[in-house]
Amino acid sequence: MFGSTRSGANAYATVGVETGVAAASPHKLIVMLFEGAMVAVASAQHHMQSGDIAAKGKAISHAISIIDNGLRASLDKKVGGEIALNLDSLYEYMSSRLLVANLKNQPQTLDEVYQLLKGLKGAWDAIAPAPGGAPSAQPAAEQAQAQDPLAPQPSRLMKA
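Following the UniProt record's numbering, the numbering of the sequence shown begins with 1 at its first residue and continues without gaps.
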């Protein structure tokens, strides 16, 4: 009569995600894309191990969509220069590796992509602005690393 509890929970989760997206800074949106892609790859690993081919394919397709339509699409190659171009190539590589993992049932390839996403997310986490927009307080060694021109910086990589 009222629908299943599961559909209600899914609707509630969807509203939560949509609210989080609407309130998120551009930096946080990129972090959320990394998190979503990582969840999709982990889900694909689980489905691959359990032999659920359809769910594996759906999870891999979702990860590819996040990488291509979210992370790659958000790059500003004109402003981001070589860094943005390198990230674009890396995102393209990850998408192609996910296709291979799907076709050949290679859990090690899924793990490779997961580790790449995890490393990139860690870099974005490290350059997160502090609440209020001011740079976060960091030890001197971390500040030097954050000032590295090769480190990803959201303002230089993302489209406005």
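For every residue, glycine included, the Cβ atom is placed at its ideal position computed from N, Cα and C.
Here the structure is a predicted model, which is why all the values come from computation and not from measurement.
Beta-carbon proximity list for residue i, same chain, < 7 Å, skipping 5 on both sides
i: histidine 47; result: Ala55, Lys56 and Ala59
i: glutamate 112; result: Arg97
Inter-residue spacing [alpha-carbon to alpha-carbon] between residue i and residue j
i: asparagine 86; j: glycine 51; result: 35 Å
i: phenylalanine 34; j: serine 65; result: 12 Å
i: serine 89; j: proline 131; result: 32 Å
i: valine 41; j: alanine 73; result: 19 Å
i: isoleucine 83; j: valine 39; result: 25 Å
i: alanine 121; j: serine 25; result: The question names alanine, but residue 121 is lysine in the sequence shown. Cα to Cα, the separation comes out at about 15 Å.
i: aspartate 125; j: alanine 63; result: 20 Å
i: leucine 99; j: glutamine 106; result: 10 Å
i: asparagine 102; j: glutamine 45; result: 10 Å
i: isoleucine 127; j: glycine 80; result: 16 Å
i: alanine 137; j: proline 129; result: Its pLDDT being 43, under 50, alanine 137 is placed unreliably by the model, and the measurement read from it follows with that caveat. In a straight line, the C-alpha of alanine 137 is about 9 Å away from that of proline 129.
i: glutamine 115; j: serine 61; result: 18 Å
i: leucine 75; j: lysine 104; result: 30 Å
i: tyrosine 91; j: isoleucine 53; result: 24 Å
Presumed contact (8 Å Cβ cut-off) between residue i and residue j, rounded CB distance
i: alanine 37; j: leucine 117; result: 5 Å
i: serine 43; j: isoleucine 67; result: About 15 Å separates the two Cβ atoms, so there is no contact after all.
Residues near residue i in its chain [Cβ-Cβ closer than 6 Å; skip 5 each side]
i: lysine 28; result: none
i: glycine 70; result: Leu33
i: isoleucine 30; result: Trp124
i: tyrosine 93; result: none
i: glycine 119; result: none
Cut-off 8 Å between Cβ atoms - residues of its own chain near residue i, not counting five sequence neighbours on either side
i: lysine 77; result: Ala84, Leu85 and Asp88
i: glutamine 49; result: Pro107
Residue i CB to nearest heavy atom of the ligand SAM below 6 Å
i: phenylalanine 34; result: By its list of ligands, the structure shown contains no ligand whatsoever, and the ligand SAM lies outside what it can speak to.
Short CB-CB distance (under 7 Å) between residue i and chain C
i: tyrosine 93; result: Here there is only one protein chain, and chain C is not present.
Where are the alpha helix (DSSP H) runs, 4 residues long or more, that stay fully inside the segment 35 to 117, in chain order?
Given a length threshold of 4 residues, each whole run of the alpha helix (DSSP H) inside the segment 35 to 117 is given here in chain order: 53 to 66 and 77 to 104.
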